[in-house]
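Using my numbering, you'd call the opening residue of the sequence shown number 18 and step up by one each time.
Here's the structure, in structure tokens; my notes come after.
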Amino acid sequence: MDISLDILAILFFVAGLAAFIDAIAGGGGLLTVPALLAAGVPPTQALATNKLQSSFGSFSATYYFVRNGLVDLRQMVLAIICTFVGSAVGAELVQVIDAGLLTTMIPALLIVISLYFLFAPQASIHGGKAKISDGLFAFTVGTSIGFYDGFFGPGTGSLFTICFVTLAGLGIVEATARTKVLNFTSNIAALMFFIMAGLPVWEIGLVMAVGGFIGARIGAKVVVSNGRKLIRPMVVIMSMLMAGKLLWEQNPQWFQ
């Protein structure tokens, strides 16, 4: 499809800002998907193109966290596998099944997440006691949220973060770092199936990928240096914004 240089430039900067936010609290798709739709990309292709560009951003943040010792990938092998499988199944089903039923549940879930982070006690640097084993976490949380990300997507990072804090007992910074590993995994799994279906718009996705890579690297540095101060309010803000956006799209009459 034909797209002007000025639109590409705008999408580049939107992707950078979205990846910066996403590296800290998730919710970058709140900016990039509407931007792609506004640029004239059809909905299914917009979803696929967003997975293309967000894969670069999530890889950038993941690499930074791993390199700085916040994540040990050997401890996450099972969770990575389960997330990959769940996302692959979701990406296949979204091409043939209406996502409407699932989307109606997400605003309430995001509001619960934001309220938890707003009123719950501060997560410590080292976290607390895990409520479930790593294996059970991988099979339940990894598979289900991976499926959700491949099938639909908004709020995936927030969902992973809340589960790492509440179920795995991790501190907020380590939870955010592990979230990006699984977010990257689900992005890549879904992207592979979207590519096989010929859905991504490559010229747009690759331009946005450059912006996303840069923005995610900056965001990851912010997490490492000021993580506990910024992650909590950012998760609350992004969860509330995503919930409001989805409610507005699903029930426009409420806002008239």
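Idealized CB from N, CA, C, for every residue including glycine.
- DSSP, reduced to helix, strand and coil, places Asn-85 outside both helices and strands of the structure shown, so it counts as coil.
- For Asn-268, no alpha helix (DSSP H) run applies, since DSSP gives it neither H nor E.
- Glu-191 sits buried, since 16 or more C-beta atoms from the chains shown fall within 10 Å of its C-beta.
- By the neighbour-count criterion, in which 16 or more other beta carbons inside 10 Å mark a residue as buried, Gln-270 falls on the exposed side.
- Setting aside the 5 residues that flank it on each side, Ala-237 is surrounded in the same chain by Ala-40, Ser-77, Ala-78, Tyr-81, Phe-82 and Lys-197, each with a C-beta closer than 8 Å to its C-beta; the list follows chain order.
- Per the Cβ contact rule, the region 60-76 is in contact with the region 228-237 (3 or more Cβ pairs under 8 Å).
- Judged by DSSP secondary structure, Pro-51 falls within the alpha helix (DSSP H) whose first and last residues are 46-55.
- By the Cβ test, the region 168-185 is not in contact with the region 216-223, since fewer than three Cβ pairs between them sit closer than 8 Å.
- Selection Thr-193, Ala-35, Val-158 and Val-31 evaluated against Val-102 yields Val-158 as nearest (Cα-Cα).
- Met-225 counts as buried, since no fewer than 16 other beta carbons sit within 10 angstroms of its beta carbon.
- Our two residues, Ala-42 and Val-239, have alpha carbons roughly 11 Å apart in a direct line.
- Ala-260 is positioned such that its CB atom lies closer than 8 Å to that of Pro-124.
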